[in-house]
Amino acid sequence: MKNPITGLNKVFESRIRLGVMSILMVNEEINFNDLKQLLEVTDGNLATHLVNLEENNYIKVYKGFIGKKTNTTYVITKAGEKAFTEHITALENMIKGVK
Amino acid sequence: MEETNQSNNSLNDIKDIRRIMDRSSRFISLSGLSGVAAGICALIGAFIAYKLLDNYYGTFNSRGFFSGDDFSRLKIKFALLAAIVFGIAFTSSFYLTWRKAKKQGLPIWDRTSKRLAWNMIVPLAAGGIFILGMLRYDAWIFVSPACLIFYGLALVNASKYTLNDIRYLGYCEIVLGLINIYFPGYGLWFWACGFGVLHIIYGIVMWQKYERNTA
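Which chain is which? The protein sequence lines are A and B, in order.
Counting from 11, one number per residue, gives the positions in the first sequence under my numbering.
Counting from 6, one number per residue, gives the positions in the second sequence under my numbering.
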């Protein structure tokens, strides 16, 4: 999964996936609509990326209800936190390395 | 060449991450001008209160006694004044913040502002009820210190959910309130200083820091 040269994580090459992870790092949980609003993406697009993150075990999905409406919330996993932190460190190293 | 590109990408990624972390966890549209507007309202309110008191004591001096009627009328006037000042201050502050949010293209009523509002309301409501309770025992001298202290605590609490700088405004309000306890006759002056002067200073500093360049 990792780019051997830089330590960057392929999963986070997508801006949207990176965005989702950034939000989940600072919020205990967040629901689908808030994610959509923050990232300014369409339903389908966001859903695909969320499935991808879930398959990598970086996020956990909780399906619930508010009244009769479905309310799906997302939470970051320990593995997700670790992967994200490593990705950031790699980004930082890259900036330092060139300057 | 390619390395520089790569590094620029990394820098952009990190900037993006920072921006989105801030935007998703804090309400960042709070306008400094809101502080200035609230401060001006408070100063005008304090001035009117001062005049009312002056009038009241003037009557006392010329007649030589307090009448219960005068006092209850003064109380009603003060309550009305407080409600009006709060109303105008809140409306104008809200408008200025709404304007800033619109300019930034951010929603004003989202999860961050809801969380901010709730975390402000809890200490403020507790303070308000506490002060009303004190008034039942005619503890007038503690009204101003209690206003300042509870408001300061509300700000310190709220700073976790908006621009971190309001924490320092909160500290100043608390300190002012605590000092006020030892100067019981000067409540109105401390109140005007805390809600008027401090708000205006804070508002100008915030505006300089975050908005001047974008305005």
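Beta carbons: idealized from backbone N, C-alpha and C, even for Gly.
Distance CB(residue i)-CB(residue j) smaller than 8 Å
i: residue 72 of chain A; j: residue 45 of chain A; result: no
i: residue 36 of chain B; j: residue 101 of chain B; result: yes
i: residue 104 of chain A; j: residue 11 of chain B; result: yes
i: residue 67 of chain A; j: residue 87 of chain A; result: yes
i: residue 18 of chain A; j: residue 100 of chain A; result: yes
i: residue 151 of chain B; j: residue 138 of chain B; result: no
i: residue 32 of chain B; j: residue 121 of chain B; result: yes
i: residue 187 of chain B; j: residue 157 of chain B; result: no
i: residue 42 of chain B; j: residue 97 of chain B; result: yes
Interface flag, residue i vs chain B, CB-CB below 8 Å
i: residue 25 of chain A; result: yes
i: residue 37 of chain A; result: yes
i: residue 69 of chain A; result: no
i: residue 29 of chain A; result: yes
i: residue 48 of chain A; result: yes
i: residue 95 of chain A; result: no
Proximity test, Cβ basis, 8 Å: residue i and chain C
i: residue 29 of chain B; result: As a matter of chain content, chain C is missing from the structure shown, whose protein chains are A and B.
Neighbour list for residue i in chain B, Cβ cutoff strictly below 7 Å
i: residue 44 of chain A; result: 116
i: residue 101 of chain A; result: 15, 18 and 19
Under 9 Å by beta carbon: chain B residues contacting residue i
i: residue 33 of chain A; result: 25, 26, 28, 29 and 30
Proximal residues of chain A, C-beta to C-beta of residue i below 7 Å
i: residue 11 of chain B; result: 104
Rounded separation between residue i and residue j - CA only
i: residue 197 of chain B; j: residue 47 of chain B; result: 6 Å
i: residue 53 of chain A; j: residue 95 of chain B; result: 37 Å
i: residue 168 of chain B; j: residue 39 of chain A; result: 21 Å
7 Å Cβ shell around residue i - same chain, five flanking residues per side excluded
i: residue 159 of chain B; result: 125, 128 and 129
i: residue 170 of chain B; result: 211
9 Å Cβ cut-off: residues of chain A touching residue i
i: residue 33 of chain B; result: Those within 9 Å of residue 33 of chain B in chain A number zero; the least Cβ separation is about 13 Å.
CB contact below 8 Å: residue i versus chain A
i: residue 22 of chain B; result: yes
i: residue 150 of chain B; result: no
Chain A contact residues for residue i, given Cβ-Cβ distances below 8 Å
i: residue 112 of chain B; result: 47
Own chain, CB closer than 8 Å to residue i, minus 5 neighbours either side, in chain order
i: residue 35 of chain A; result: 86, 91 and 94
Spatial neighbours of residue i in its chain, beta-carbon cut-off 6 Å, leaving aside the 5 residues before and after
i: residue 205 of chain B; result: 41 and 44
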